[in-house]
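Below: one structure, written as structure tokens.
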Amino acid sequence: MRVTISRFNPERDLEPHFETYDVSVSEGARVLNVLDAVHDTLDASLGYRHCCRGGQCGSCAVRVNGEPALACMHEAKDGDVIEPLNLPRIRDLIVDIAPAIAQMAWLNTGSCLECSHVTADDIEEIKPLRECIECFSCISSCPAVGASSYAGPTAIRQERRLNLDPRDKAERVEEAVSKGLFSCTTCHKCVEVCPKGIETPRKAVEKLRALAVARGLSLPAHKALAALIESTGRSVERKEPTFLERVADVIEPEGEVRATVGFFVGCMFNGRVVQPALDAMEVLKRNGIRVIIPKSQVCCGSPLIRTGFTGFIPELQERNIKAFVDAGVDTVLTMCAGCGSTLKNDYNTPFRVADITEYLAELGFEEPAKVKGSYTYHDPCHLLRGQHISEQPRVLLKSVAEEFVDMAPRCCGAGGGVKSGQPEEAANIGAVRAEMVIETGADYIVTVCPFCEFHLHQVTGLPVKNIASLMLEGYLKKDF
Ligand code: SF4
Ligand code: SF4
Ligand code: FES
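Going by the numbering used here, the sequence shown opens with residue 915, and the numbers climb by one from there.
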């Protein structure tokens, strides 16, 4: 097979460069076998790390075609491009992991006289956080690392792991805050790349944030937002008549009724950017979908869960579930990635929750006319990783865009309370995303999240369209 490897020898090279190698390896060879073959038969100077060769030590992590992977576990394919992790480079595929190790906390039992004992229940709770093999794939792909002084996901994972250990006597919550606990956008990229599937955002970041809030260590903007939700049931101040005030309880489609759904509007589309939600109703109507809109629905609670203000969550959950159960619907559509992810992952709903793009792609939709211009699609993290939806919005977009330019996913920096709590960090993360957008040369960005919409427009200066609004544009063009 032919592979391309990024090479860099600081004693010889001014810049890293790629070299291509043809090697002979057996069927099912791992990337590590390919590196061995290059080293043993073609170039003994190739530098790379390995130890256990069985997915246990984490030392062989590299990037394969741009994404972190354990070289000893990842099957090699003809044409693979192998690069080091995005960490300071020492040589070839060897990176400097010393700074990351220095950020890791270790068990501090204090005096032996004060020692407590670990129970079976403690172990059960610690287990999902204990499996880390220190491959540092998560740190290398975390958008917040480098955009701030954030110590990174595995450092925070370790703080929570020790925080759960009754023997540990250190102040782990305070320590986590000082390591940048509030810099995480909850994008879940670290979970996607972790060979052990450790759920750091949910099991460490959000838990430690809730403890930080209980100790009065929350960020002022998050505190204000929590107060607003508790007093109004909404996370944004109303400026004009809201979506819920402007629409009927039931929106009947034109012609044959193909399906009936409930619609969860979310705070941003209800109170701040109402038009895309109104456009979405037209798109659903056009596609034979009857929409029931319970007016008693409230904020899904996402801003509270992500920032640690969890006390009010049960009430919000109860009010929303009751609103849709009373409406008698078995499917509830969302059009905000954050609301959809929250209803799917943080609620236990007796009805199905589906993103509008997921639902339309599944049910089938009328083809709109093509709309002028070139469009790229930004995957909202809470749709891509929170709901595993990436193809469906692209199907819709390709049906309406005159030209579609695809773009690899990357967090824009708006989520997890980072934009509201630490706007300069959100802007730094957004600047990296802006470069990727500009590189596509597209005239417009299309997305399915109002927070991404706002932030992307701010960091790129480009017009951002909601997918529903663009679909409606296509339908209107078809009609006239
Ligand atoms: S969720 Fe995203 S921002 Fe948070 S630690 Fe993981 S990769 Fe970093
Ligand atoms: S949390 Fe997962 S990705 Fe991060 S260092 Fe540990 S094993 Fe690797
Ligand atoms: S060599 Fe140990 S995990 Fe790959």
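Each residue gets a CB set at the ideal place from its N, CA and C atoms; glycine is no exception.
- Membership of residue 1308 in the alpha helix (DSSP H) is indicated by the continuous run 1305-1314.
- Contact between residue 1282 and residue 1389 is confirmed by a C-beta separation of about 5 Å, below the 8 Å threshold.
- Ranked by how close their Cα comes to the Cα of residue 1161, the residues 1251, 1172, 1195 and 972 have 1195 in first place.
- Going by C-alpha positions, residue 951 is about 6 Å away from residue 937.
- The beta-carbon distance between residue 1214 and residue 1230, rounded to whole angstroms, is 7 Å. This is short enough to meet the 8 Å contact definition.
- Relative to the non-hydrogen atoms of ligand 1, the Cβ of residue 1099 comes within a distance shorter than 7 Å of at least one.
- In this structure, residue 1094 sits near residue 1063, with a CB-CB distance shorter than 8 Å.
- Here residue 916 is exposed, its C-beta having fewer than 16 other C-beta atoms within 10 Å.
- Inter-segment contact for the segment 953-970 and the segment 984-1002 is present: three or more beta-carbon pairs are separated by less than 8 Å.
- For residue 1333, the secondary structure class from DSSP, reduced to helix, strand or coil, is helix.
- Our two residues, residue 1329 and residue 1101, have alpha carbons roughly 7 Å apart in a direct line.
- Residue 1314 is positioned such that its CB atom lies closer than 8 Å to that of residue 1285.
- Cβ-Cβ separation between residue 918 and residue 995: approximately 5 Å, consistent with a contact (criterion under 8 Å).
- Closest in C-alpha terms to residue 1130, from the list 1103, 1221, 1212 and 1113, comes 1221.
- Close to ligand 3, as judged by a C-beta nearer than 7 Å to any of its heavy atoms, are the residues 946, 964, 965, 966, 967, 968, 969, 970, 971, 972, 973, 974, 984, 985, 986, 987, 1047 and 1049, in chain order.
- Contact between residue 1269 and residue 1291 does not hold, since the beta-carbon distance rounds to 14 Å and is not under 8 Å.
- Cβ-Cβ distances below 8 Å link residue 1015 to 1048 in the same chain, with the five nearest sequence neighbours on each side left out; the list follows chain order.
- With respect to residue 1191, residue 1238 sits apart: the two C-beta atoms are not nearer than 8 Å.
- Per the C-alpha coordinates, the member of 1103, 1365 and 1377 positioned closest to residue 1352 is 1377.
- Per DSSP, reduced to three states, the secondary structure at residue 1022 is coil, with no helix or strand assignment.
- Three or more beta-carbon pairs separated by less than 8 Å are not found between the segment 1256-1267 and the segment 1322-1337, which leaves the two stretches without contact.
- For residue 1303 and residue 1023, the gap between their C-alpha atoms comes out near 44 Å.
- Comparing alpha-carbon positions, the option among 1113, 980, 1011 and 1107 lying closest to residue 1041 turns out to be 1113.
- As computed with DSSP, residue 1062 is found in a beta bridge with 1059.
- Residue 1143 sits in a helix when the DSSP states are folded into three classes.
- Residue range 916-921 is occupied by the beta strand (DSSP E) that includes residue 920.
- Within the chosen limit of 7 Å, ligand 2 does not reach the beta carbon of residue 1366 with any heavy atom.
- In the DSSP secondary-structure assignment, residue 1269 is bridged to 1248.
- Residue 1299 is a Cβ neighbour of residue 1105, given a cutoff of 8 Å.
- About 22 Å separates the Cβ atoms of residue 1326 and residue 1257, ruling out a contact at the 8 Å cut-off.
- In the structure shown, the three-state DSSP call for residue 931 is strand.
- Look at residue 1164 here: in three-state DSSP terms it is strand.
- In the structure shown, residue 975 falls within a strand segment according to DSSP collapsed to helix, strand and coil.
- The bridge partners DSSP lists for residue 1291 are 1360.
- DSSP places residue 997 outside any alpha helix (DSSP H); the residue lies instead in the beta strand (DSSP E), whose first and last residues are 995-997.
- For residue 1056, the shortest C-beta to heavy atom distance toward ligand 2 is 7 Å or greater.
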